[in-house]
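Here the numbering used here runs 83 ahead of the position in the sequence shown, where the first position is 1.
Step one of this worksheet: look at the structure below.
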Amino acid sequence: MANWLENLELATARLAALEAAELDRFKGVQVKSVKYEVGGVEYADPVSMQELSRAIFEARSIVNRLGGGVVSGGAITPTFGA
């Protein structure tokens, strides 16, 4: 079972990929999935345009619960130890 730090790294990487997909969406790009890598393992999660905002909110919540802080409405801003 993964420890909290591995879970945080995974959630943070997914959040970054989701936020990049959201920026692509604003540029008019069709987004069907997000891809990210953690510890040499590649992940790909399907995501529809309608699910994107919800997925970003959920990913931010997970990162915050695991101890990493994020600034809403923008790129990830780690606040470890703050």
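We treat Cβ as the ideally placed atom computed from N, Cα and C, and that holds for glycine.
None of the values given here were measured: they were computed from a predicted structure.
According to the DSSP secondary-structure assignment, Glu125 is paired through a beta bridge with Glu120. Between the region 95–103 and the region 123–143 there are three or more C-beta pairs closer than 8 Å, enough to call the two in contact. Secondary structure note for Glu89: its alpha helix (DSSP H) is the uninterrupted segment 87–109. Between Phe140 and Leu149, the alpha-carbon positions lie close to 14 Å from each other. In this structure, the CA atom of Tyr126 is about 5 Å from the CA atom of Tyr119. Using a Cβ distance threshold of 8 Å, Arg108 and Val114 count as a contacting pair.
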